[in-house]
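Peer 1: So that we are looking at the same thing, I have put the structure below in structure tokens.
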Amino acid sequence: MMTNCLKDYLAGIGARSLPPCEIPEEREPDLPTATSSSSAREMICIEIDPFPDPDASPLFDFFIDGVQRTVAVAEVIVDNMHVPLHLSHLIVGAMKRVEKKLIPFIMREALVLIFPFQALQAAGWSACKPPGQELSSSGGIYGKVKKAKESGDLLYSDSSIALRLERDGRPQILLEAGDLIRTGEVRQKALDRAKELLRIMELGLLWELRCQYPNEWVLLDGPIAPLLKYGRLTEPSLAGLQNIAKPDIAFELLRRVVGAVKTVRIVAKGIERALTLEQKFCIPIYQFAGVVKEDDEVAKEILSAFLWLRRELVGEISTLWSTVSGLARFDIPIPAVFDDSSKKNNWNNLNEDTIKNCLTNPSSKERQRLEELLQAIVIERWPVPAATATRMLTELFPIAETECWLTSQLRNIHEMRFF
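The numbering used here applies: residue 15 is where the sequence shown begins, and numbers increase by one.
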């Protein structure tokens with residue numbers, strides 16, 4: 015039903031099909047290079063045995079990832095400008111560990127038409143909006159995605175208007191009529207929108223699992239901090255996530271989740287300690303003041319642990335791209351360590367000294383929880399996933415398996431162009 019609506023709409027606006035060729039930017043390079051450094055305070059450096067008890071029970075129950083494919087499927091011509099319309103297939107899902115086996119557990123997907131509607135109208139285009147649900151700054155996007163899967167409604171998003179609101183309560187204008195001649199910019203805004211929508215769906219799925227399984231641990235592929243910006247857009251109950259305006263909601267979301275970042279781009283002074291070849295892993299834990307970098311953002315609400323994940327493979331797999339290409343970063347939210355319900359309304363006000371004192375005290379429950387989490391991460395080091403050389407050094411097997419499962423569900427590029 016959704017594809018029929020899309021066909022009818024594109025035919026009704028006189029859109030012209032584009033040739034079935036894959037555009038290079040639809041394949042994101044995987045080059046693990048440190049591109050920036052940031053001031054951060056080292057909270058502690060913890061030593062962990064690289065070969066823990068083989069009979070130890072794994073801690074993590076769910077593994078979340080998201081994949082997307084965005085292609086230009088058609089174009090409209092306005093005032094001699096050829097403006098591409100994009101179709102994005104977005105999938106998020108979670109695998110569950112059941113008796114040491116990974117099984118597909120839940121999947122949410124969306125097929126979204128992305129195009130600069132407002133900019134086109136400003137350029138004199140007279141077509142109306144598509145029928146169906148718009149994914150916009152009004153929010154509630156995760157609920158609309160789930161509803162559309164059941165109803166077959168068409169989903170669409172205007173890439174000329176930002177999803178997030180400015181301080182005056184209005185969304186920023188991203189593309190104007192005069193920008194439509196810059197086809198590369200139009201395409202980039204569509205790809206950026208697809209990435210934002212995917213993050214919103216990942217946050218929605220994480221919250222769905224946290225509500226249904228409040229005591230189960232979740233390992234999320236990628237950094238955690240960027241997701242917090244999209245609370246209001248995901249669903250109304252998460253509106254207080256941004257800037258931790260509602261610490262109790264953020265506490266419930268974050269107290270059982272860890273983020274696995276396989277490509278380290280942000281480094282801190284002293285991180286080279288993680289690259290020592292001692293008998294035990296040396297894992298430095300930092301608290302960053304906050305870095306505004308969309309693909310690799312950190313935040314003061316997150317403890318960042320750097321681990322030389324598979325140092326045994328250094329002689330077999332060259333650290334080709336940079337010194338840190340063998341390092342993985344694990345984002346551990348403060349509520350995951352300071353898991354005390356009495357702190358749920360003020361955990362974000364803990365100062366650095368308080369956090370550091372607790373973590374450096376070997377008998378504190380916070381230090382013990384942090385060591386437990388690091389040991390659980392080390393347990394996941396093996397087996398090595400079947401992946402590119404650089405990912406073999408830094409990606410965890412359950413995350414790689416989740417990505418493979420989701421990628422197998424993506425629509426073929428030709429199927430998307432000739433739906």
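Each residue gets a CB set at the ideal place from its N, CA and C atoms; glycine is no exception.
At the level of alpha carbons, what is the spacing between A239 and K158?
Peer 2: 24 Å
Peer 1: If I measure Cβ to Cβ from M430 and keep anything under 8 Å in the same chain, skipping five residues before and after, which residues do I get?
Peer 2: Cβ within range, chain order: R83, V85, V87, L101 and H103.
Peer 1: Compute the Euclidean distance between the alpha carbons of S356 and F265, then round it to the nearest angstrom.
Peer 2: 11 Å
Peer 1: Under DSSP, the alpha helix (DSSP H) around F77 begins and ends at which residues?
Peer 2: Premise fails: F77 lies in the beta strand (DSSP E), F74 to V92, not in any alpha helix (DSSP H).
Peer 1: How big is the Cα-Cα spacing for L32 and Y170?
Peer 2: 19 Å
Peer 1: Touching or not, the segment 372–388 and the segment 53–63, by the rule of three or more beta carbon pairs under 8 Å?
Peer 2: For the pair of segments examined, the segment 372–388 was found to touch the segment 53–63: the number of CB pairs separated by less than 8 Å reaches three.
Peer 1: At the level of alpha carbons, what is the spacing between I120 and E415?
Peer 2: 14 Å
Peer 1: Applying the criterion that 16 or more other CB atoms from any shown protein chain within 10 Å of the CB defines a buried residue, is K283 buried or exposed?
Peer 2: With fewer than 16 other Cβ atoms within 10 Å, it is exposed.
Peer 1: Rounding to the nearest angstrom, what Cα-Cα distance links F77 and E385 in this structure?
Peer 2: Taking the straight line joining both Cα atoms gives about 20 Å.
Peer 1: Using the rule of at least 16 other Cβ atoms within 10 Å of the residue's Cβ for burial, across every protein chain shown, is W396 buried or exposed?
Peer 2: exposed
Peer 1: By the three-class DSSP mapping on this structure, what secondary structure does W221 have?
Peer 2: helix
Peer 1: Considering only C-alpha positions, which residue in the set L127, G166 and L252 is nearest to L149?
Peer 2: Of the candidates L127, G166 and L252, the one whose C-alpha sits nearest the C-alpha of L149 is L127.
Peer 1: Using DSSP bridges, identify the partner residues of K314.
Peer 2: In DSSP, K314 forms no bridge with anything.
Peer 1: Out of V200, K358 and L205, which has the shortest C-alpha to C-alpha gap to R269?
Peer 2: K358
Peer 1: Would you call the segment 15–25 and the segment 234–254 touching, i.e. three or more CB-CB distances under 8 Å?
Peer 2: With the cut-off at 8 Å, the segment 15–25 and the segment 234–254 do not touch.
Peer 1: Within the same chain, show all residues whose beta-carbon is closer than 6 Å to that of W231, passing over the 5 residues directly before and after it, in chain order.
Peer 2: Same-chain partners within the cutoff: L73, F74, D75 and R270.
Peer 1: Quick one: Cα of E40 to Cα of R324, how far?
Peer 2: The predicted position of E40 is uncertain, since its pLDDT is 44 and thus under 50; a value taken from the coordinates is nonetheless stated next. Distance between the alpha carbons of E40 and R324 is about 29 Å.
Peer 1: Rounded to the nearest angstrom, what separates G198 and H96 at their Cα positions?
Peer 2: Distance between G198 and H96, taken at the CA atoms: about 11 Å.
Peer 1: To the nearest angstrom, how far is it from the Cα of P349 to the Cα of V90?
Peer 2: A straight line joining the alpha-carbon of P349 with that of V90 spans about 49 Å.
Peer 1: What is the rounded straight-line gap between the Cα of L321 and the Cα of T421?
Peer 2: 27 Å
Peer 1: Please say whether L327 and M406 have beta carbons closer to each other than 8 Å?
Peer 2: Using a Cβ distance threshold of 8 Å, M406 and L327 count as a contacting pair.
Peer 1: To the nearest angstrom, how far is the alpha carbon of F131 from that of A191?
Peer 2: Rounded to the nearest angstrom, the two C-alpha atoms are 10 Å apart.
Peer 1: CA-CA distance, A400 and D79?
Peer 2: 17 Å
Peer 1: Alpha carbons only, please: which of S53, A29, K114 and V106 is nearest the one belonging to I393?
Peer 2: K114
Peer 1: Look up D172 in the DSSP assignment and say whether it is helix, strand or coil.
Peer 2: strand
Peer 1: Could you check the C-alpha separation between V106 and Y23 for me, to the nearest Å?
Peer 2: One C-alpha to the other measures close to 27 Å.
Peer 1: Assuming A303 contacts A54 (C-beta within less than 8 Å), just tell me the rounded distance between them.
Peer 2: Correct: roughly 7 Å between the Cβ atoms.
Peer 1: Look up D182 in the DSSP assignment and say whether it is helix, strand or coil.
Peer 2: coil
Peer 1: Let me know the secondary structure DSSP gives W139 once reduced to three states.
Peer 2: coil
Peer 1: Restricting to Cα atoms, I'd like to know which of K110, P118, V92 and E210 is closest to L134.
Peer 2: V92
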